[in-house]
Amino acid sequence: MVQTTLATIVRSIATTLRHDYGLDPLPVLASVGIDPAVMQDSELRLPMTTLNPLWLRCVEVTGDADFGLRVVRYHQSANLYGLDLALYACASLGEAVRRHVQLIKLINTSAEAHLLPGENGDWRLELHRIGPTSPTMAARDFYLLFHVRMFERLAGQPASRLFRQLEFYREELAESSPWWQLGVPLLFNQPLAALVFKQGGWDRPLPGANPRLLAEVEQPILQHLARHDMPLPLSALRARLAGMLRTSVSLEQLAASLEIAPGQLQETLRQQQVSFAQLLDQTREAQALLLLGSSELPLERVAERIGFSSASALVKAFRRWQGTTPLNYRKERLGRE
Numbered sequence: 001m002v003q004t005t006l007a008t009i010v011r012s013i014a015t016t017l018r019h020d021y022g023l024d025p026l027p028v029l030a031s032v033g034i035d036p037a038v039m040q041d042s043e044l045r046l047p048m049t050t051l052n053p054l055w056l057r058c059v060e061v062t063g064d065a066d067f068g069l070r071v072v073r074y075h076q077s078a079n080l081y082g083l084d085l086a087l088y089a090c091a092s093l094g095e096a097v098r099r100h101v102q103l104i105k106l107i108n109t110s111a112e113a114h115l116l117p118g119e120n121g122d123w124r125l126e127l128h129r130i131g132p133t134s135p136t137m138a139a140r141d142f143y144l145l146f147h148v149r150m151f152e153r154l155a156g157q158p159a160s161r162l163f164r165q166l167e168f169y170r171e172e173l174a175e176s177s178p179w180w181q182l183g184v185p186l187l188f189n190q191p192l193a194a195l196v197f198k199q200g201g202w203d204r205p206l207p208g209a210n211p212r213l214l215a216e217v218e219q220p221i222l223q224h225l226a227r228h229d230m231p232l233p234l235s236a237l238r239a240r241l242a243g244m245l246r247t248s249v250s251l252e253q254l255a256a257s258l259e260i261a262p263g264q265l266q267e268t269l270r271q272q273q274v275s276f277a278q279l280l281d282q283t284r285e286a287q288a289l290l291l292l293g294s295s296e297l298p299l300e301r302v303a304e305r306i307g308f309s310s311a312s313a314l315v316k317a318f319r320r321w322q323g324t325t326p327l328n329y330r331k332e333r334l335g336r337e
């Protein structure tokens, strides 16, 4: 996959040059061969090989090694293709971070996000660089601080309340660096960049939680990923399928609900080595576990809700999924609670 970023980052860089340094951004863009028109195209993606010279040129003309940090202030909702709205609609900070991991390629395909359990109930969001081209230090600074500020806005909490520590793939910073102003312990010379979330705020409800809004704002994101031949998160596909299980559902119907071509959906499944039948089976299993563990619905109703014709069909499938019967699973859950 080509390492690309939403072209709206150029708009944020241009705004920074103008507002923070009093510089006309147009000659700077022209000096590295970037057409200013890209700033108005929210669909466009630019390769890292185009953006790296721009970052380097901006550090040069401003004389500011912290230029990347200044850009974060101007990289707001209008430049994020609805990503932050999708995160705002999540029920908790933890859910928002998980959703971000699924959608991170919207903003940058040169990094993968991995969410791992840390010590004492903390959570580690690791940013793994992928691809042949290394980002500039200004771009790395921007990308990490962008994440810090985004999660601060989501939670309505300062970084010092959210993060146990921040880890850097770089040498130690001078005491004058803006990073120290966050009030968060900083670890340098690490193998990768990471944000370590404190366990205390992980399950805290977000004020904008709205599952219906989440589905609405996530759809354009999925369509953008499909148009640019990037894999759609399987969790998002399963979530969409979960609301379609009561009737016979096909790949074509799922694609229609996402307003993408069936071929695009087929390709995203192929890239992730999953067939539509497997995706449907996984969705039914997840919904069966949810319904059996959180309700007293009779098996016939559970079967109906996940698209089986009878309770016996549910029992057969459940034995294959879990190695036990639905009723035994429910009894075990009740016993644990």
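Okay, so the sequence shown: first residue is 1 according to full-length UniProt numbering, each after it adds one. No residue lacks a Cβ here, since even glycine has one placed at the ideal position from N, Cα and C.
DSSP state of residue i mapped onto helix, strand, coil
i	result
W123	strand
P233	coil
S312	helix
H224	helix
N79	helix
E304	helix
N189	coil
L269	helix
F168	coil
R246	coil
L116	strand
L279	helix
L108	Correcting the residue type first, residue 108 is Asn in the shown sequence and not Leu. If DSSP states are grouped into helix, strand and coil, N108 belongs with the strands.
P132	coil
Assigned exposure category for residue i - 16 Cβ within 10 Å defines buried
i	result
S312	exposed
S275	exposed
T247	exposed
I107	buried
I9	buried
Q40	exposed
W180	exposed
T136	buried
N79	buried
G68	buried
L291	buried
L269	buried
T15	buried
Within 8 Å, strictly: CB atoms of residue i and residue j
i	j	result
L125	L192	no
A86	I221	yes
Q266	L254	no
W202	G63	no
V2	P47	yes
L245	G293	no
L327	A288	no
R238	A286	yes
V59	L23	no
Whole-Å CB distance - residue i paired with residue j, under 8 Å assumed
i	j	result
P66	S134	Here residue 66 is Asp; the residue named in the question, Pro, does not match the sequence. So it is not a contact: roughly 19 Å between Cβ atoms.
L241	L279	7 Å
E216	A236	With a Cβ gap of about 13 Å, E216 and A236 do not count as contacting.
L44	A96	Not confirmed; about 26 Å, so no contact.
Q271	P231	5 Å
Three or more beta-carbon pairs under 8 Å between the segment 136 to 148 and the segment 71 to 81, yes or no?
Yes, the segment 136 to 148 touches the segment 71 to 81.
Pair every Cβ in the segment 148 to 168 with every Cβ in the segment 47 to 59, then say whether three or more of these pairs are closer than 8 Å.
Three or more beta-carbon pairs separated by less than 8 Å are not found between the segment 148 to 168 and the segment 47 to 59, which leaves the two stretches without contact.
How about the segment 98 to 107 and the segment 164 to 183: do they share at least three Cβ pairs that are nearer than 8 Å?
The segment 98 to 107 vs the segment 164 to 183: no contact.
The segment 193 to 200 touching the segment 85 to 92, judged by at least three CB pairs closer than 8 Å:
Counting Cβ pairs under 8 Å, fewer than three are found: no touch.
Touch test, the segment 251 to 266 against the segment 300 to 312, Cβ-Cβ under 8 Å, three pairs minimum:
No contact exists between the segment 251 to 266 and the segment 300 to 312.
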